[in-house]
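Student: Please find one structure pasted underneath; my questions will follow.
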Amino acid sequence: MDMTEIRNERTQLLNYLWDFQNQKGYISTSDIRQLSVELGISWIEVEGVISFYHFFKRKPTGKYTIYLNNSMVSEIKGFQKIKDALEKETKAVFGGTDPTGTFSLFETACIGLSDQEPAALINFKPFINLTPKKIKEIIDHLKKGGKIEEIEDTPEDNIRYKNDKGEPVIFRDYKVGDTVIKLIKKTPEEVIQSIKESGLSGRGGAFFPTGLKWEFAKQSTSMQKYVICNADEGEPGTFKDRAIMNQLPGLMIEGMITGAYAIGASKGIIYLRAEYRYLKKKLEDTIKKFYNLGLLGENILGKNFDFDLSIMQGAGAYVCGEETSLIESLEGKRGGPRTKIFFPVEKGYLDKPTIVNNVETFSAAARIIELGSDFFNSKGTEKTKGTKLLSISGDCKKPGIYEIEWGMTIKEMLELCEAKDTNFIQFSGPSGTVLTKKDFNREISGEDLICGGSVMIFNSKVDVFDILTNFSNFFINESCGLCTPCRAGNYLIGKRLKRIRNNDATMEEIQEIKDWGKILKDSSRCGLGKTSTNFITDAIEKFPELFKKKALKHKEFDLSSALNDYYDYVKNN
Amino acid sequence: MEQRIVNIKIDGKEFQAIEGQSLIEAAKNNGFHIPTLCHFKEIYPPLGTCRVCTVNINGKPDTACTRKVFDGMDVEVNSPEVLDNRKAIVEMLFAEGNHFCPGCAKSGDCELQRMGYEMGVAYTRFPHLFEERPRDFKSDRIFMEHNRCILCRRCVHEVKTHKGENVFYFQNRGHNMLVGIDYEKEKELTDEEVIRAADLCPVGAIIVKGKTIAKPFGDRKYDSDKNIKWIEGKELDIKIPKDGKKKIVATTSLAGCFGCHMSLLDIDLGILDVLELVEFNKSPLTDIKKFTKQCDIGIIEGGVANSDNYEVLTEFRKKCKVIVALGECAVWGGIPAMRNTIPLKDCLEEAYLNSISSENDENIIPYHEDIPKLLDKVYSINDIIKIDYYIPGCPPDAEHIWKVVKNVLFGAEEKVAYTEFKYD
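The following block contains the structure:
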């Protein structure tokens, strides 16, 4: 790292921290002192930012840092075997580094490769479809001093279905600039009108009407506005944005240009999750190309319209997918959600009007300008327009991306991906809903089952309690901690779930989880907490027999186990 | 800019407010109280961390501190559902941290405690976690007791050096989150600013070293309702399963200090009335060691720390129709439960091996088949048996006990006053 570099932008703190982390594998106390002096902030503030993010380390790590995905899909595809193999081959224990300081092993939440599990990131390079044999080969190669670039995998896009019954919106031929050329012929008002007419709503999972969001931002008279692309695809089981950014990065960027033109913004930022660092180069190259073509920068295509675009990397926090947390993170802070006293369209990034949209939303917006709002809203159902990218993974023959038209049934979806013996579908991610056989005739749409993108399929061989425990741990680890219900509630529910698993809870105690879930839903600060108990309250509803079997008939205090500690101790002394 | 007046409705009553004002302020200006914990003054953006002020706004739950009033705003503050939700959040905070009120200097001046009184939190529906959290003595003037911190963000937001640098800042996330102190920046604060930081803390997490904040009972901020206007005269309902002709009472002290029994005697002359009407069976007051008949009320003091406590308690459940948990220890473990965050082995070694013994070289851990065996932790009596009524306090207020006894015996329905509901 260039030590002469002047670090004086508080908003760039995450980037500065990444510099240290990348250079040395950790951030030392003296780095923190230095940063705190340079930025004029206290060291406890720097420590606070570091300790919020999963990928920043305060202790030295090995030459190779291995993050193994511990999501539920990874679990059914052999997570434990890979974990054992990694420990065996590297001689490191998970959470630590081997004695030679070569390998550090960590678990991490879903890395957006659910269609190619088990998967891991080694120094943020992707490694997919892992087997113990492959682990041995990788580790041997690295031990011998081989370069990591020589063996890194290239994840497949796995686009399995492009609305074959009609026409796709996203995954169709793309020609650079088609959108922008049409865009600048329209007025910003016309652009917003088109987006509104198309019926496009937020594809990240919140489904807020995109046109309306842009209109709010446009109404602000502020001189400086921002367009932010949420590429922090963190919901376990989703990977559609990965495929868009790999295959159609230009389309997404044209969507951002569309947004900027519509609201009157001159700056844009792509917030890219650290797990997708391997896509950064492609995005940078595309941005460079756009500048060269006059599609970014000053006077875009000769019009009085300037727009600059940069990329900012996250550092491992699911909650940063929530738009206000993402903005906090962009400002170099802990990624906690803001209170909703202001919306980002009023006061967003640096307190300026900001639109935050998902990768897929921007891509769809670009297509709407390119192909017309009629093209878009002729697809889908009466109230849910267009197509939707589903990331399908788990127990099915063809995991991957499916661009479906809203209105498809679950049954059709399962047939397409060739899923058999399906018992449990986690629909729209752990924050979404649980589906069982009874739901197979339901329709994927805003009218019935809305879906942000993640579809995880589990057959009857998978223990439902394994799934629930995995999701519960996920929310406990990813709760930011700012508000009482989410921080304490998820932890309490995790403990209760453990007791249920161990046949140590009554039916009354099981049912109580539903009341607790309601408390989280009603009073959590952001969407994470509000939706974090859906999976378990749904499961209790949908698998009554399973819980009945686990429930204690009578609650009886287990005196002998409460006495174990004492007897163990006196026996040994 | 011209201020626009809007019409809002709170619990059916119509009020006027200035557009853009926060709902908390608007309600306060109209003499309407919405309970809050993290909120201590108007801040933009609001802290919005504790979520206690969750209300229903036009049918949808949201926090009052983070919402601006608008024309046609219709707010539900005291509907049963909203009240229960609010109470649950306060209970969650009690269950999450380690709040031993009788051992806390802030007791009586603590806003979390007051919130518990205000809502009549006699016990928590969530099991106490009893997880050890650090105690940080490293800073020159501040002792940070993380076991009591409710992560409200007040100090993080408010306490800064004269250069505007943070002295307190959140560390880690989720369940592991805590408020860290910048020891060097703390040096830059004046003594007054340090004291102000401690005062700002709603609980006893920020303690100024060498400064006693404990005040005599009765003089503390929340001992009476005179400092809390909105609960003046507000009383809590006692709801006990009614049974007309009950007359036989049993009492016991498990892992307790007999302080609750002392408080029982504090009923004063009332105890004479009781003796006229009831017969004491098994009780330390009568020295009857074994039940001789079925009883109507069993009053239990103390938690369950050993095998003997367990035997006595299960016997009480069999012999008594109504069980009353008397005092903090019975309700959730109380002071003896301070050991719950420490492994039993460490407790035993500290008490019997590492401490000075009256006999030289006689440091042994007592073990005999007749000596009660210690449980891995101190349990509340609710963990073992079903409880019919809880009387909090350390010790509980005599009037509160008397009202409960009267209710069970004669079906008298009296309300418990604010001052009779205590955790210390």
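Residue numbers (our numbering), protein chains in the order written: chain A, 1 to 573; chain B, 1001 to 1424. We put the beta carbon where it would ideally sit given N, CA and C, even for glycine. Here the structure is a predicted model, which means the values were calculated and not measured.
#1: Can you look up B:THR1054 in the DSSP assignment and give me helix, strand or coil?
#2: Measuring only the C-alpha atoms, how far is B:GLN1016 from B:LYS1106?
#3: With a 10 Å radius around its C-beta and 16 neighbouring C-beta atoms as the bar for buried, classify B:GLU1279 as buried or exposed.
#4: Rounded to a whole number of angstroms, what is the C-alpha to C-alpha distance between A:ASP522 and B:ASN1056?
#5: What are the residues of the region 507-528 of chain A that lie near chain B, defined by any Cβ-Cβ distance shorter than 9 Å?
#6: So, helix, strand or coil for B:PHE1168, using DSSP?
#7: In whole angstroms, what separates the C-alpha of A:ILE257 from that of A:LYS288?
#8: Cβ of A:THR384 less than 8 Å from any chain B Cβ?
#9: Would you say A:TYR26 lies against chain B (beta-carbon separation less than 8 Å)?
#10: Does chain B have any CB closer than 8 Å to the CB of A:GLU346?
#11: Considering only C-alpha positions, which residue in the set A:GLU45, A:PHE124 and A:ALA274 is nearest to B:VAL1179?
#12: Strictly under 8 Å for the Cβ-Cβ distance: is A:LEU563 near chain B by that measure?
#13: Mapping DSSP to helix, strand and coil, what is B:ILE1213?
#14: To the nearest whole angstrom, what separates the beta carbons of A:GLY335 and A:CYS320, a pair I think is in contact under 8 Å?
#15: In the DSSP assignment, find the beta strand (DSSP E) that holds B:THR1252 and state where it starts and stops.
#16: Give me the Cβ distance between B:PHE1100 and B:MET1262, rounded to the nearest whole Å; I'm assuming they're in contact under 8 Å.
#17: Quick one, which of B:ASN1407, B:VAL1405, B:GLY1333 and B:TYR1418 has its alpha-carbon nearest B:ALA1095's?
#18: If the criterion is Cβ atoms closer than 8 Å, does the pair A:PRO236 and A:ALA109 meet it?
#19: Check whether the Cβ of B:LYS1345 lies closer than 8 Å to any Cβ atom in chain A.
#20: Can you pull out the residues from the region 1369-1388 of chain B whose beta carbon lies closer than 9 Å to at least one beta carbon of chain A?
#21: Between A:PRO544 and chain B, is the shortest Cβ-Cβ distance under 8 Å, so that the two count as touching?
#22: Check the Cβ-Cβ distances between B:ILE1365 and every residue of chain A, and say whether any is below 8 Å.
#23: Using a beta-carbon distance below 8 Å, is A:TRP406 in contact with chain B?
#24: Taking Cβ-Cβ distances below 8 Å as the criterion, which residues of the region 43-73 of chain A are in contact with chain B?
#25: Could you name the residues that DSSP lists as bridge partners for A:ASP308?
#26: Residues in the same chain with beta-carbon distance under 6 Å from A:CYS417, minus the five sequence neighbours each way, listed in chain order, please.
#27: A:PRO209 bridges to which residues according to DSSP?
#28: Between B:PRO1241 and the rest of its own chain, which residues show a CB-CB distance below 7 Å, the 5 nearest in sequence each way excluded?
#29: Check this for me: beta carbons of A:ASN230 and A:VAL345, under 8 Å apart or not?
#30: When we look at the beta-carbon of A:SER445 and count the other beta-carbons within 10 Å, is it buried (16 or more) or exposed?
#31: So for B:THR1036, helix, strand or coil by DSSP?
#32: Determine the extent of the alpha helix (DSSP H) in which A:THR65 is found, giving its start and end residues.
#33: Which two residues bound the contiguous beta strand (DSSP E) that contains A:GLU107?
#34: Under 8 Å between C-beta atoms, does B:HIS1162 make it to chain A?
#35: Less than 8 Å between CB atoms is the rule here; does B:CYS1110 satisfy it with respect to chain A?
#36: Can you grab the Cα-Cα spacing for the pair A:TYR26 / A:ARG58, in whole Å?
Tutor: Answer, in terms of the structure:
#1: strand
#2: Approximately 37 Å between the Cα atoms of the pair.
#3: Per the 10 Å Cβ criterion, exposed.
#4: For A:ASP522 and B:ASN1056, the distance between alpha carbons rounds to 9 Å.
#5: Answer set for the region 507-528 of chain A: GLU512, ASP515, TRP516, LYS518, ILE519, LYS521, ASP522, SER523, SER524 and ARG525.
#6: strand
#7: 14 Å
#8: Chain B, which has no Cβ nearer than 8 Å to the Cβ of A:THR384, makes this no.
#9: no
#10: no
#11: A:GLU45
#12: yes
#13: coil
#14: 4 Å
#15: 1248-1253
#16: Not quite, the Cβ-Cβ distance comes to about 20 Å (not below 8 Å), so this is no contact.
#17: B:GLY1333
#18: yes
#19: yes
#20: LYS1373, LEU1374, LEU1375, ASP1376, LYS1377, TYR1379, ASP1383, ILE1384, ILE1385 and LYS1386
#21: So, not an interface residue.
#22: yes
#23: No, its Cβ sits nowhere closer than 8 Å to a Cβ of chain B.
#24: TRP43, ILE44, GLU45, GLU47, GLY48, SER51 and PHE52
#25: Looking at the DSSP assignment, A:ASP308 forms a beta bridge with A:LYS267.
#26: ILE392, CYS396 and LYS398
#27: A:SER201
#28: Note that B:PRO1241 scores 49 on pLDDT, short of 50, meaning its location in the model is unreliable and no value can be drawn from it.
#29: Their beta carbons are not under 8 Å apart, which means A:ASN230 does not touch A:VAL345 by this criterion.
#30: When all chains shown are included, A:SER445 counts as buried.
#31: coil
#32: No alpha helix (DSSP H) holds A:THR65; the beta strand (DSSP E) holding it covers 64-69.
#33: Element bounds for A:GLU107: 103-108.
#34: no
#35: no
#36: 5 Å
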